[in-house]
Structures are given as C-alpha cells and as structure tokens.
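Visitor: First to last, the sequence lines map onto chains A and B.
Residues 1 to 195 (this note's numbering) are what the first sequence spells out, left to right.
Residues 1 to 56 (this note's numbering) are what the second sequence spells out, left to right.
Beta carbons are placed, not taken as given, at the ideal position from N, Cα and C, and that holds for glycine.
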Amino acid sequence: MAIPSTQEITQLLIAWNNGDAAALEQLTPLVQAELHRLAKRYMAGERQGHILQTTALVNEAWLRLIDWQNVEWQSRAHFFGLAAQIMRRILVDFARARHRDKRGGDALQVSLSEAANVAWEQSADLVALDDALQELEKLEPRQSRVVELRFFAGLSLEETAEALKVSVGTVRRDWSLAEAWLFRELNRKEQLDDA
Amino acid sequence: MTPEQYRRVGELYHAAMELEPEARPDFLVGACSGDESLRREVESLLRARQQADGFI
C-alpha cells in the first residue's frame with residue numbers, strides 16, 4: 001500500500017470531522033498502518049525486552065480513538081498529537097498494572113492481556129517516566145508535550161513542530177533540556193529507591 | 001522549583017550549550033552573579049545532558 005500523503009489524510013480527517021461516514025472507512029486502514037509503523041518504531045527502540053505486542057497496542061489505540069469522535073481534528077499532526085496521548089495512557093496504564101501485580105500479587109485485569117510481556121524493569125521505567133513528565137508539565141507544559149509527541153507517537157522534530165505550531169529550533173531546544181531534566185529526575189529516583 | 005525559576009535555568013542552559021564545554025563554567029559564574037543554587041542547577045543539567053543521549 002502506498003504511503004498516503006499528508007494532504008490525503010488531512011482531507012479524510014476533515015471530511016470525517018464534517019460528518020462523512022465513508023471517509024472514516026477509508027481512513028481507518030491508513031491510520032492503522034501509520035500507527036502500526038509508529039508503534040513498531042517505538043518498540044524497536046532502546047528498550048530491549050519491552051515486548052508489548054505491537055498489534056495489540058495498535059488495536060487498543062484505535063479503539064480508544066474511535067471513542068474520541070467529538071474531538072475536532074485539525075490536521076494529521078493534530079491527530080497524532082491525540083494518538084500520542086492515547087499511547088502514553090495505554091502504555092503507562094499497562095506498566096502500572098504490571099507494577100501493582102509484581103508488588104501485590106493480585107490477578108491482572110488488563111485489556112492488553114495478550115501482550116503481558118512487558119519486563120518488570122521496563123514497567124518501572126515507564127511509570128517513573130510518566131511521573132516525571134507530570135512534574136515537568138507543571139514547570140513547562142510545552143516541554144512535556146514535546147516529549148509526549150516524540151516518545152509516545154514517534155514524531156520527528158519537524159512533525160512535532162507542526163503539531164505544536166512552533167519552530168523546529170524551539171522543539172530541538174525543548175527536547176534537549178527536557179531529556180536532560182528527565183534523565184536526572186529518573187536517576188535521582190533510582191538512587192532514592194536503592195537507598 | 002517554580003516555573004519562573006525553571007525558565008531562568010533553561011535560558012542559561014541554552015546559552016551555555018552554545019559555548020564550547022570548557023567555556024561554560026566561567027560563563028555560568030558570571031551569568032549567575034553569586035546565585036550558587038542557580039549555577040549548580042544549570043551545571044547539573046549540563047552534566048545530565050552528556051549522559052542522556054538516547055535514554056528515551
């Protein structure tokens with residue numbers, strides 16, 4: 001399948017947003033393919049052993065997206081901004097559930113039951129990252145959004161700039177400082193946990 | 001830290017990043033004009049930056 005252009009996706013999103021139900025049928029496979037690609041890229045990243053199954057993630061992401069029909073879609077970048085939030089919620093919810101399960105031994109009731117292979121260490125990392133991102137949001141909300149878009153939706157610097165309507169240079173600076181800040185926060189937490 | 005303090009830390013961080021690494025300590029001593037906690041905060045983030053590549 002040819003990779004659809006930004007314009008095609010945007011037009012379909014706008015058509016769907018304006019009540020054209022057929023546009024959603026055309027859009028669904030395109031968005032699924034795109035999300036699949038993004039999720040694969042995310043899973044293939046630094047986190048060896050993070051075996052959350054891509055298909056389960058993508059299906060779950062799409063199911064949650066469908067519930068968001070009242071959201072105004074402005075563009076592909078806007079859409080993936082929403083996708084990033086959804087992916088963050090899915091991954092962190094899942095990691096928290098794993099975290100609780102390891103601590104308390106309770107039976108797990110998560111919708112991603114087929115993908116129950118997130119390694120313990122990785123779950124803890126993801127929960128810590130989510131916590132730190134919430135702290136960063138209080139200091140500088142845009143930096144938190146930059147990390148969310150880049151990490152949870154796999155957007156490039158340029159796509160992130162488009163989604164946030166700022167310059168690429170601003171995104172690059174936000175990312176540089178946010179990554180340093182998060183790295184320090186997570187290591188500080190680790191030291192406290194080890195103490 | 002307050003958002004205002006973080007914004008100030010960010011300004012100095014980005015200004016320092018524009019400089020060669022060996023020029024950064026002197027720059028920060030001057031720019032922080034005696035505010036030691038501000039200087040330590042920026043230096044700690046610059047150190048974190050060196051280790052943080054690709055961690056997320």
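Are any of the Cβ atoms in chain B nearer than 8 Å to that of Leu139 of chain A?
Guide: By 1-based counting over the first sequence, the position of residue 139 of chain A is 139. Answer yes: the Cβ-Cβ gap between Leu139 of chain A and chain B drops below 8 Å somewhere.
Visitor: Got a sec: is the Cβ-Cβ distance from Glu159 of chain A to anything in chain B below 8 Å?
Guide: As a working note, residue 159 of chain A is residue 159 in the first sequence. Chain B contact via Cβ: absent.
Visitor: Any beta carbon of chain B sitting closer than 8 Å to that of Trp181 of chain A?
Guide: Taking the first residue of the first sequence as 1, we reach residue 181 of chain A at position 181. By this cut-off, Trp181 of chain A is an interface position.
Visitor: Tell me whether the beta-carbon of Leu182 of chain A lies closer than 8 Å to the beta-carbon of Met1 of chain B.
Guide: The sequence position of residue 182 of chain A within the first sequence is 182, counting from 1. The sequence position of residue 1 of chain B within the second sequence is 1, counting from 1. The answer is no: Cβ separation not under 8 Å.
Visitor: Report the rounded CA-to-CA distance for Ala48 of chain B versus Leu155 of chain A, giving the unit in angstroms.
Guide: Numbered from 1 along the second sequence, position 48 holds the residue referred to as residue 48 of chain B. Numbered from 1 along the first sequence, position 155 holds the residue referred to as residue 155 of chain A. Whole-angstrom Cα-Cα distance: 23 Å.
Visitor: How is the alpha helix (DSSP H) around Met1 of chain B delimited, first residue to last?
Guide: As a position in the second sequence, residue 1 of chain B is number 1, starting the count at 1. That residue, Met1 of chain B, is in no alpha helix (DSSP H); it is neither H nor E in DSSP.
Visitor: Can you give me the start and stop residues for the alpha helix (DSSP H) that Arg150 of chain A sits inside?
Guide: For the purposes of this step, residue 150 of chain A is identified with residue 150 of the first sequence, where counting begins at 1. Per DSSP, Arg150 of chain A belongs to no alpha helix (DSSP H) and is neither H nor E.
Visitor: When burial is assigned at 16 or more other CB atoms within 10 Å of the CB, is Gly10 of chain B buried or exposed?
Guide: What you label residue 10 of chain B is simply residue 10 of the second sequence in a count that begins at 1. Buried, since its Cβ has 16 or more Cβ neighbours within 10 Å.
Visitor: In angstroms, rounded to a whole number, what distance separates the CA positions of Asp130 of chain A and Arg142 of chain A?
Guide: As a first step, residue 130 of chain A is located in the first sequence; it is residue number 130 there, counting from the start. As a first step, residue 142 of chain A is located in the first sequence; it is residue number 142 there, counting from the start. Approximately 15 Å, taken between the alpha carbons.
Visitor: Consult DSSP for Asn117 of chain A and reduce its assignment to one of helix, strand or coil.
Guide: Counting from one through the first sequence, the residue named residue 117 of chain A turns up at place 117. Below a pLDDT of 50, predicted positions are generally treated as unreliable, and Asn117 of chain A, at 36, falls in that range; no measurement from the model is reported.
Visitor: So, does the segment 153-172 of chain A touch the segment 4-20 of chain B, judging by three or more C-beta pairs under 8 Å?
Guide: Verdict: no, contact absent.
Visitor: Given a limit of 9 Å on CB to CB distance, which residues of the segment 5-29 of chain B reach chain A?
Guide: Taking 9 Å as the Cβ-Cβ cut-off against chain A, the residues of the segment 5-29 of chain B that qualify are Gln5, Tyr6, Arg7, Val9, Gly10, Tyr13, His14, Met17.
Visitor: Using the three-state DSSP reduction, which class does Ser33 of chain B fall into: helix, strand or coil?
Guide: To locate residue 33 of chain B, count along the second sequence from 1; it is residue 33. It is coil, neither helix nor strand.
Visitor: Suppose contacts are defined by Cβ-Cβ distances below 8 Å. Is Leu157 of chain A in contact with Val147 of chain A by that definition?
Guide: On the first sequence, residue 157 of chain A is found 157 positions in, with the first residue counted as 1. On the first sequence, residue 147 of chain A is found 147 positions in, with the first residue counted as 1. No.
Visitor: How would you call Asp35 of chain B, buried or exposed, if buried means at least 16 neighbouring beta carbons within 10 angstroms?
Guide: By 1-based counting over the second sequence, the position of residue 35 of chain B is 35. Under this definition Asp35 of chain B is an exposed residue.
Visitor: Going straight from the alpha carbon of Glu185 of chain A to that of Leu30 of chain A, what length do you get?
Guide: Position 185 of the first sequence, counting from 1, holds the residue named residue 185 of chain A. Position 30 of the first sequence, counting from 1, holds the residue named residue 30 of chain A. Answer to the nearest angstrom: the Cα atoms are 38 Å apart.
Visitor: Over what stretch of residues does the alpha helix (DSSP H) that includes Leu157 of chain A continue unbroken?
Guide: The sequence position of residue 157 of chain A within the first sequence is 157, counting from 1. Unbroken alpha helix (DSSP H) run through Leu157 of chain A: 157-164.
Visitor: Three-state secondary structure (DSSP) at Leu12 of chain A?
Guide: What you label residue 12 of chain A is simply residue 12 of the first sequence in a count that begins at 1. Three-state result, Leu12 of chain A: helix.
Visitor: Taking only beta-carbon positions, decide if Arg172 of chain A is within less than 8 Å of chain B.
Guide: Within the first sequence, numbered from 1, the residue matching residue 172 of chain A stands at position 172. Judged by the 8 Å Cβ criterion, Arg172 of chain A is not in contact with chain B.
Visitor: Consult DSSP for Asp67 of chain A and reduce its assignment to one of helix, strand or coil.
Guide: As a first step, residue 67 of chain A must be located in the first sequence, where it is residue number 67. Its pLDDT being 46, under 50, Asp67 of chain A is placed unreliably in this model, and the value from its coordinates should be taken loosely. Looking at Asp67 of chain A - three-state DSSP - the assignment turns out to be coil, as it is neither helix nor strand.
Visitor: By Cβ distance below 6 Å, which residues in the same chain neighbour Arg39 of chain B in space, the five residues on each side in sequence not counted?
Guide: For the purposes of this step, residue 39 of chain B is taken as residue 39 along the second sequence, with counting starting at 1. Once the five neighbours on either side are set aside, the close Cβ partners of Arg39 of chain B are Leu28, Cys32.
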